[in-house]
Every structure is written in structure tokens, then in C-alpha cells.
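Peer 1:
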Amino acid sequence: MAIMKIRGIQKSFNERIVIQKAEFDIKQDSRIGLVGSNGAGKTTLANLINGEFPADKGSIETFNGALKIGYLKQSTEQAFLETEDAYPLAENGLFHHSSQLGLTKEVDVFNRNWSNLSGGEKLKLSLAGVWASRPEMLILDEPTNHLDLQGVEWLIEELRAFKGAIVIISHDRYFLDRTVSEIIEMEDGITKSFTGNYSAYRQEKERLYQVQLHQYELQQKHKQQIQQQIANLKGWSEKAHRDSTKQGTASERRQIGYKEYHRMKAKKMDNQIKSKMKRLNQELEKGEVKQPKEESRVQFEFQDRRKRGKRIIEAAALSKYFGHRCLFDKSYFYVNHGEKMGLVGQNGSGKTTMMKILLGQENASSGDVWLSESLKIGYLSQDVSDLPAEKTAMEYTGLTDREAIGRARTIFANIGLHEEKLNVPIGQLSLGERTRVKLVMMLLEELDLLVLDEPTNHLDLASRESLEKTLLDFQGSLLVVSHDVYFLEKITEKLLVIENGKITRKEFGMREYNEANTRKDNDKEKAEQLMVLQNEINAIIGRLSYMTKDEPGYEELDQKLAELFRKKRELA
């Protein structure tokens, strides 16, 4: 049963139509993924559903009274500032939920003081606040941004257990595949519904594209045949008219009615041709299949790099402390030229700090880091607020050479930032558009090592897939921090893992790492189960040792003991 019906929704801002026609139902148990390119209107639609502002046209109808909606906004600052009164949230488990998400810092939520929290920690507290508000429906806008793998898995399990409807805006394909059963696509301001998770949606989109392409190609061939028939008919008509004006031979001219015969023949031919052409033109117009729209492909292209030596980074006894808190201690690792490495660890484990040490932005507490003298590094941070808000994208490049400016404009267009965006101050661009500006700055240089901190944050799905292809072709080295599991699995071959106060190099990729962690968790759970069984066995043996076989309850305990031994054998 539908709890919300969205019909004919339209919304414009400054004469720009953002949503042209949005129509779909949200049911009590809906698990909806809202997808589309950056700027397609997904967040606008979420705001409309939440009642942030009215639609220009259409209706949003709810049933059984007003719905209590828990809305996590993409901006952690904004989401946090708008958190409900902290006292009832605390009573409803705010701190329990935040602890489950891995937030271990002390936070003064009652005075709204969270200056000591990172972006990921603010997101966790906002998520905990949404859960503690006990909503009937959830709207989550990019909920996995800043969450580590453990946090993502926790969120997936919580969403599975949630009893109400869920609408998720996300560019995280792994997360969407695990959480949604319906995709609402927003394209050209219009919504279209697909059954299944994100992978099923992509397969169906490709199938529909191929079907429409095949129908379009058949139609084009049929059109050509019809147009050829029309051309032939016109040719026959023109010939009939020429014949009607010919003088003919002397004997033909002496025949009574010679010219009249050809004039009548031409007229008859004209009527036949007009009738046939009308039918053919009607056939052309009937059921026209439009050429399918190809998805715009963002093109990334890095400059060619000079050849380098084999090893580009080497760390020896590297340590970093903040007061008495140890991030990592006496760690040894290296990175070779051309290696694509993922940097993984829980939030707060020191990933960003380690990146800053490599970039010379932070000092190690002890130990040494050696970098190749000729190494040229490009760094993409996850913070887009460090861009000059008052400058345009072209001004920010600092280019003056005409040829270089032309190349930059081409790259901006390829990455989805067209001319009208290049003349707008960066502060007015969306988060995704600002990330693209940062990427363009890297694309303009010859680089040996790309250090990428959450490179897919704020990028739409098509841009993520294109970036993957480019990074796979990149001949230099990569060091990547990302919570996008699919992205890491696709592009990284080896890992630097921060856990238990150490940075360890692993000679395998993300898939193997996850499988190893799953085995480790299973082994731990198995050991715990065995311990519980052994404790129960010991307790029964202890009781039986004080009983004789004839005493009441002895046989029952003996059977229970046999059952416990059987379970232990199966587990061992």
C-alpha cells in the first residue's frame, strides 16, 4: 500500500526547469534508490518530499496522516545544525547508535558544540540522530560519504532491519546493490522507475538501449526504402508529363487523340502517385522510433609521464602520535612506480594524516620517509571548500597561453563542465562540480603519483565509471583512500592497511582483503561459540559428577551433554 503518491511534480529555479515531471509511489516497505547525473534534481526532489519548499505544479499526497521523515542531508554541517532537540534524541539512543557507528569521541550535542569532529564523525552523529528520531520513513542523501567500511556495513544491516520506507540518493554502487529493490532514474527532469537494485537497473538500461537502437536502425532502413519508392514515383510522374508534351512521330501525330491520351495517362499517373505518396508519408510518420540517447561519457585523460625508477616511496620506522594517542608506530612500507594501491583503515586510523606526511604537509613523530627526487605528485583532497570561492574555474587554472586555455576548456567540457559553468564563481558550483574543477587541475599536469582522498565523493555514477577506466590506464602510481568498495576493487592491486597501530603493505587487492576479514570474523565468531559450548559442557559435567544414574534429571542432563558434544564436533 502506498504511503505517499507523487504526481506531476514540476519545479524551477530562476526560470531553469529542474524537475519537469516526477511521478511515482512510495510504499510502506519501499527501498528506492534515486539516481541521475549531478544536477539532475535528485536533492531537489528529496527536499520536496520532505516539505522543504512547495512544488510549482503537481501534488505530493500522504496517507494515514503526516509522515515522520528522517532526512539525512548531504552536507554534514547543515544536517547537524538542523538536528532535532538533543534531549529526546539522547533518550532514544543517540549515543548508542553513534557508538555502533564507531563514534568514540565525547560530544556536547546539547550545546551543539562539535568543532572537534571530522566530516565522517559529523556524518555518524547525524545518522545516529536520524535513527534516534524514530522516523516512519528515511531519506538519505549520500549517506556513505565519509563512512569507513565498517560503518557502511553497519548502515546496510540497519536499513535491512528498518520497518519503514527508504529513499536513498547515492553514487555508491556497492551500497545501492545491497540496500534497494527499486531505482527511480531522473533524466532531463523526468522520473522513470526500474525494478531491482543498481546492477539490475544498469543491465535493463543497456537492454532497452540496444532494443531501441535496433528498432531505430530497422526504421531508418525502412525509411530509406520508402524514400526510394517516393523518388521512383516522382520519376515516373515526371516521365509521364514529359511524354504528354512530346511531339511524337508524324504517324503518331496523325492519330486522333494522341496528345489527349498522354495527358490523361499523366493525370492518372499523378493521382496514383499522390495516393501512394500519401500512404508512404503516413507510414513514415506512424510510430516513429527516436534515436536512443547515448549516455554522456566523461572523458579523463592524464598527460604522458616520464619514466621513473622502480621505487618511489619508502618509509622506515614511521610513527605518528597526537599526545598520548598513537595512530601508527614503527611502520615499514614502500610503493613502486606504476603500482595502484589502496589505503584502508577505519575512520580516525590515520589515513589522511599519513597522506599529509607523504605530501610534506604534516611531520611524522619519528621515523623516515624517502621520496624519489624526481617524483611529481598530484593530490586530490576530499574537502572542496579550499577552492577560491570568488574565482571562476578558468581563472583558477591561472593559464595565459592560448593553446593551454583551449586544452583546458576541452578538458572542462569532457568532464561535464561546459562554457556557462566556467564563467560562474566556484562558490556557486555544486560539490560535484567543484570536485571536477580539482580533477581538471590534476589533468593539466604531468604527474607520477596521484594521491586521491575520496575521489568519487560528489561524482555521479557515469563520472565514477569513466574515472575508473582512466585510472586503470594511468601509467603512474596511485595511492587511493575511498569508501567506494566497487571503485577500490576495480582499480587497486595492492593495499596499505592501517590497523592495530601499524601500516602494513599487502600484496593483494580489496576483494581478497574483504574475504580475509570475513574469514577472520567467522573464525572469531566460531571461537566464541566453541567457548560458550565448552562452558555449558563443563557445567553439566560438574553437575553430573555429583549425581547417580538413578537420580531424577540425570538422563535428561546426559542427553543434553551428548547434544552439546555433537554441536562442538560440527563446529570444530
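Position in the sequence shown (first residue = 1) + 105 = my numbering.
Even for Gly, the Cβ is constructed at its ideal location relative to N, Cα and C.
1) What residue does the beta strand (DSSP E) around ASN152 start on, and which one ends it?
2) Confirm, please, whether the CB-CB distance from LEU153 to LYS147 is below 8 Å.
3) For SER135, which residues from the same chain have a beta carbon less than 6 Å from its beta carbon, with the 5 sequence-adjacent residues on both sides left out?
4) Would you kindly check if the distance between the Cβ of ILE462 and the Cβ of LYS425 is under 8 Å?
5) Mind checking which residues open and close the alpha helix (DSSP H) that includes ASN519?
6) Pick out whichever of SER275, GLN396, GLY113, GLU444 has its Cα sitting closest to the Cα of TYR314.
7) So, under 8 Å CB-CB, GLU166 and MET109 are touching, yes? Tell me the CB distance rounded to an integer number of Å.
8) Report all residues from its chain with a CB closer than 7 Å to the CB of GLN317; omit the five preceding and five following residues, and keep chain order.
9) Counting beta carbon pairs with one atom in the stretch 534-542 and one in the stretch 571-579, are three or more of them shorter than 8 Å?
10) Helix, strand or coil, according to DSSP, for LYS687 in the structure here?
11) The beta strand (DSSP E) with SER477 in it runs from where to where?
12) Contact defined as beta carbons within less than 8 Å: I believe MET615 pairs with GLY450. What is the distance between those atoms, to the nearest angstrom?
13) Taking only three categories from DSSP, how would you classify ILE361?
14) When you compare only the Cα positions, how much space is there between ILE603 and GLY455?
15) DSSP puts THR167 in a beta bridge; with which residues?
16) With hydrogens ignored, establish whether the beta-carbon of GLY472 is closer than 7 Å to any heavy atom of the ligand FMN.
17) Which residue wins for smallest C-alpha separation from ASN441, given the options GLY511, TRP475, SER470?
18) Hey, quick one: how far does the beta strand (DSSP E) through SER424 stretch, first residue to last?
19) By the DSSP assignment, the beta strand (DSSP E) with VAL394 in it spans what residues?
20) Touch check for the stretch 466-481 and the stretch 513-523: three-plus C-beta pairs under 8 Å?
21) Return the first residue and the last residue of the alpha helix (DSSP H) that MET499 is part of.
22) Is it the case that the Cβ atoms of GLY537 and LEU555 are separated by a distance below 8 Å?
23) With three or more C-beta pairs closer than 8 Å as the rule, is the stretch 585-593 touching the stretch 252-264?
24) Just mark ASP253 as buried or exposed, buried being the case when its beta carbon has 16 or more other beta carbons within 10 Å.
25) Bridge partners of ILE289, per DSSP?
26) Bridge partners for ASN441 per DSSP, in chain order?
27) Residues in its own chain within less than 6 Å of TYR321 by CB, not counting five upstream and five downstream?
28) If you follow the beta strand (DSSP E) that ARG610 is part of, which residue opens it and which one closes it?
Peer 2: On the basis of the supplied data:
1) Here residue 152 refers to the residue found at position 47 of the sequence shown. Element bounds for ASN152: not the beta strand (DSSP E) but the alpha helix (DSSP H), 147-154.
2) What you label residue 147 is simply residue 42 of the sequence shown in a count that begins at 1. What you label residue 153 is simply residue 48 of the sequence shown in a count that begins at 1. Against a cut-off of 8 Å, the Cβ pair of LEU153 and LYS147 comes out as no contact.
3) What you label residue 135 is simply residue 30 of the sequence shown in a count that begins at 1. Hits under 6 Å: ALA270.
4) The count along the sequence shown starts at 1 and reaches residue 425 at position 320. The count along the sequence shown starts at 1 and reaches residue 462 at position 357. It is a contact, given that the beta carbons lie within the stated cut-off.
5) The residue given as residue 519 occupies position 414 in the sequence shown. Segment 507-519, the alpha helix (DSSP H) holding ASN519.
6) As a working mapping, residue 314 is identified with position 209 in the sequence shown. For TYR314, the nearest C-alpha among the options comes from GLN396.
7) Along the sequence shown, one-based indexing puts residue 166 at 61. Along the sequence shown, one-based indexing puts residue 109 at 4. The Cβ separation is near 7 Å, so the contact holds.
8) As a working note, residue 317 is residue 212 in the sequence shown. Hits under 7 Å: VAL394, PRO397.
9) no
10) Residue 687 is absent from the model: the chain starts at 106 and stops at 677.
11) Counted from its first residue, the sequence shown places residue 477 at position 372. Unbroken run through SER477: none, as it is neither H nor E.
12) Position 510 of the sequence shown, counting from 1, holds the residue named residue 615. Position 345 of the sequence shown, counting from 1, holds the residue named residue 450. MET615 to GLY450, Cβ: 13 Å. No contact.
13) Taking the first residue of the sequence shown as 1, we reach residue 361 at position 256. Residue placement at ILE361 cannot be trusted, given a pLDDT of 49 that sits under 50; what the coordinates show is reported in the next sentence. In the structure shown, ILE361 sits in coil (DSSP, three-state: anything other than H, G, I, E or B).
14) Mapped onto the sequence shown, residue 603 falls at position 498. Mapped onto the sequence shown, residue 455 falls at position 350. Answer to the nearest angstrom: the Cα atoms are 7 Å apart.
15) As a first step, residue 167 must be located in the sequence shown, where it is residue number 62. DSSP lists MET109 as partners of THR167.
16) Within the structure as shown, the ligand FMN is missing, as the structure has no ligands at all.
17) Taking the first residue of the sequence shown as 1, we reach residue 441 at position 336. Comparing Cα positions, the closest option is TRP475.
18) As a position in the sequence shown, residue 424 is number 319, starting the count at 1. That run of the beta strand (DSSP E) goes 416-427.
19) Position 289 of the sequence shown, counted from the start, is the residue given in the question as residue 394. Looking at the DSSP string, VAL394 is not in any beta strand (DSSP E), and its letter there is neither H nor E.
20) no
21) Position 394 of the sequence shown, counting from 1, holds the residue named residue 499. Looking at the DSSP string, the run of the alpha helix (DSSP H) that includes MET499 is 498-502.
22) What you label residue 537 is simply residue 432 of the sequence shown in a count that begins at 1. What you label residue 555 is simply residue 450 of the sequence shown in a count that begins at 1. No; because the gap between Cβ atoms is not below 8 Å, this pair is not in contact.
23) yes
24) By one-based count along the sequence shown, residue 253 stands at place 148. By the 10 Å Cβ count, ASP253 comes out buried.
25) Counting from 1 along the sequence shown, the entry for residue 289 is found at position 184. For ILE289, which the question treats as bridged, DSSP gives the partners LEU139, SER298.
26) The count along the sequence shown starts at 1 and reaches residue 441 at position 336. Paired residues: ARG416.
27) Within the sequence shown, residue 321 is the residue found at index 216, counting from 1. The residues are VAL394, GLN396.
28) Here residue 610 is taken as the residue at index 505 of the sequence shown, counted from 1. Start and end: 607-611.
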